[in-house]
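For the protein sequence lines, the chains are E and V, in the order given. Mapping of the first sequence onto my numbering: residues 66 to 182, in sequence order. Mapping of the second sequence onto my numbering: residues 186 to 299, in sequence order. The beta-carbon is built from N, C-alpha and C at its ideal position, and this holds for glycine as well. For reference, the structure discussed in these notes is given below.
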Amino acid sequence: NAGVMQNPRHLVRRRGQEARLRCSPMKGHSHVYWYRQLPEEGLKFMVYLQKENIIDESGMPKERFSAEFPKEGPSILRIQQVVRGDSAAYFCASSPSKGLRTNEKLFFGSGTQLSVL
Amino acid sequence: TQLLEQSPQFLSIQEGENLTVYCNSSSVFSSLQWYRQEPGEGPVLLVTVVTGGEVKKLKRLTFQFGDARKDSSLHITAAQPGDTGLYLCAGAAEVGAGSYQLTFGKGTKLSVIP
Numbered sequence: 066n067a068g069v070m071q072n073p074r075h076l077v078r079r080r081g082q083e084a085r086l087r088c089s090p091m092k093g094h095s096h097v098y099w100y101r102q103l104p105e106e107g108l109k110f111m112v113y114l115q116k117e118n119i120i121d122e123s124g125m126p127k128e129r130f131s132a133e134f135p136k137e138g139p140s141i142l143r144i145q146q147v148v149r150g151d152s153a154a155y156f157c158a159s160s161p162s163k164g165l166r167t168n169e170k171l172f173f174g175s176g177t178q179l180s181v182l
Numbered sequence: 186t187q188l189l190e191q192s193p194q195f196l197s198i199q200e201g202e203n204l205t206v207y208c209n210s211s212s213v214f215s216s217l218q219w220y221r222q223e224p225g226e227g228p229v230l231l232v233t234v235v236t237g238g239e240v241k242k243l244k245r246l247t248f249q250f251g252d253a254r255k256d257s258s259l260h261i262t263a264a265q266p267g268d269t270g271l272y273l274c275a276g277a278a279e280v281g282a283g284s285y286q287l288t289f290g291k292g293t294k295l296s297v298i299p
């Protein structure tokens with residue numbers, strides 16, 4: 066499967082625990098985007114990363130959230146000390162090596178549904 | 186902050202009817218994309234419109250980009266149950282160095298009843 070792979074598909078955490086969401090982009094893609102989606106809502110941009118660099122994190126909450134995209138391995142979205150309001154679907158998307166161009170599309174993964182008890 | 190307003194938010198119609206959903210903004214976008222999302226899955230691109238006034242057709246779906254590149258519409262002719270889903274519009278804006286970011290609307294949730 067050459068698509069964007071996200072795991073786990075479902076993640077249940079108790080308040081105060083940490084959540085780690087993984088995203089492997091499509092082969093040949095080195096730009097990754099993370100979005101959050103609440104029920105009945107569109108996708109809210111969180112962060113845009115290139116290998117080893119954060120390009121734009123303007124949509125990322127300033128506390129408890131962090132993201133990385135190491136030289137080797139998947140991109141990780143990390144949420145520390147989760148709260149109930151963090152419950153949402155988190156989607157990862159990737160684009161080709163030069164970043165999204167105006168008429169290019171993003172390739173989305175199937176998402177991770179995070180539920181905080 | 187660039188915002189995209191989609192309307193209606195929910196739409197329930199009978200099979201065979203026509204419908205139009207709208208995507209409006211006060212901002213100009215370099216391009217506008219329409220995605221469809223099924224429950225439990227990520228969005229899948231339907232079309233990208235780039236030029237003001239552009240019209241694209243995809244079988245029974247017709248997409249139009251406004252002349253000023255601030256708004257767009259999606260028209261579905263003779264809707265079928267398979268068209269059921271969440272339709273999202275997304276505007277592309279440059280974030281620097283020729284690279285773009287997509288801003289999504291909240292979507293229109295379409296239900297087509299057999």
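Contacts of residue i in chain V (Cβ-Cβ under 8 Å)
i                : result
Phe110 (chain E) : Gln286, Leu287, Thr288 and Phe289
Phe156 (chain E) : Gly227 and Pro228
Ser175 (chain E) : Gly225, Glu226 and Gly227
Contact set for residue i: own chain, Cβ-Cβ below 6 Å, skip 5 residues either direction
i                : result
Val280 (chain V) : Gln286
His75 (chain E)  : Gln178
Arg79 (chain E)  : Leu182
Met125 (chain E) : Met111 and Val112
Gln146 (chain E) : Gly81 and Arg129
Asn66 (chain E)  : Model confidence at Asn66 (chain E) stands at a pLDDT of 48, short of 50, so the residue's coordinates are unreliable; what they give is reported in the following sentence. Around Asn66 (chain E): no qualifying Cβ.
Pro135 (chain E) : none
Host beta strand (DSSP E) of residue i (start-end)
i                : result
Gln115 (chain E) : Leu108 to Gln115
Ala132 (chain E) : Phe130 to Glu133
Asn209 (chain V) : Leu204 to Asn209
Phe195 (chain V) : Phe195 to Gln199
Phe214 (chain V) : Note, Phe214 (chain V): premise wrong, no beta strand (DSSP E); not H, not E.
Arg85 (chain E)  : Ala84 to Ser89
Pro161 (chain E) : Ala153 to Pro161
Glu190 (chain V) : Glu190 to Ser192
Val232 (chain V) : Val229 to Val234
Lys244 (chain V) : Segment: none, Lys244 (chain V) is in no beta strand (DSSP E) and carries neither H nor E.
Leu259 (chain V) : Asp256 to Ile261
Other residues of its chain near residue i: CB distance less than 7 Å, five sequence neighbours each side excluded
i                : result
Gly238 (chain V) : Phe250 and Asp252
Glu223 (chain V) : Gly270
Pro73 (chain E)  : Thr177
Leu188 (chain V) : Ser210
Arg85 (chain E)  : Ile141 and Arg143
Gln199 (chain V) : Ile298
Where residue i falls: helix, strand or coil (DSSP)
i                : result
His75 (chain E)  : strand
Gln178 (chain E) : strand
Pro266 (chain V) : helix
Asn66 (chain E)  : No answer about Asn66 (chain E) holds up, because its pLDDT of 48 lies below 50 and its placement is not dependable.
Gly150 (chain E) : helix
Glu279 (chain V) : strand
Gln145 (chain E) : coil
Ser123 (chain E) : coil
Lys294 (chain V) : strand
Gly271 (chain V) : The sequence shown places Leu at residue 271 (chain V), not Gly. Here Leu271 (chain V) sits in strand by DSSP.
Arg80 (chain E)  : coil
Leu171 (chain E) : coil
Leu103 (chain E) : coil
Proximity test, residue i beta-carbon vs the ligand GTP heavy atom, cut-off 7 Å
i                : result
Phe195 (chain V) : Annotation note on the ligand GTP: not contained in the displayed structure, which lists no ligands.
Amino acids of chain E, ordered along the chain, whose beta-carbon sits closer than 8 Å to that of residue i
i                : result
Val331 (chain V) : A question about residue 331 (chain V) goes unanswered here, because the residues of chain V that appear run from 186 up to 299.
Gln218 (chain V) : Lys170
Neighbourhood of residue i by C-beta, 8 Å cutoff - its chain only, sequence neighbours within 5 removed
i                : result
Lys255 (chain V) : Asn209, Ser210, Ser211, Ser212, Val213 and Phe214
Interface residues of chain V facing residue i [CB-CB closer than 7 Å]
i                : result
Gly107 (chain E) : Leu273, Phe289, Gly290, Lys291 and Gly292
Next on the checklist: Across the segment 213 to 233 of chain V and the segment 248 to 257 of chain V, are there enough close Cβ pairs to call them in contact, namely three or more that are closer than 8 Å?
Outcome noted: yes
Next on the checklist: Under 8 Å, with one C-beta from each stretch per pair, do the segment 148 to 160 of chain E and the segment 95 to 112 of chain E reach the 3-pair mark?
Outcome noted: yes
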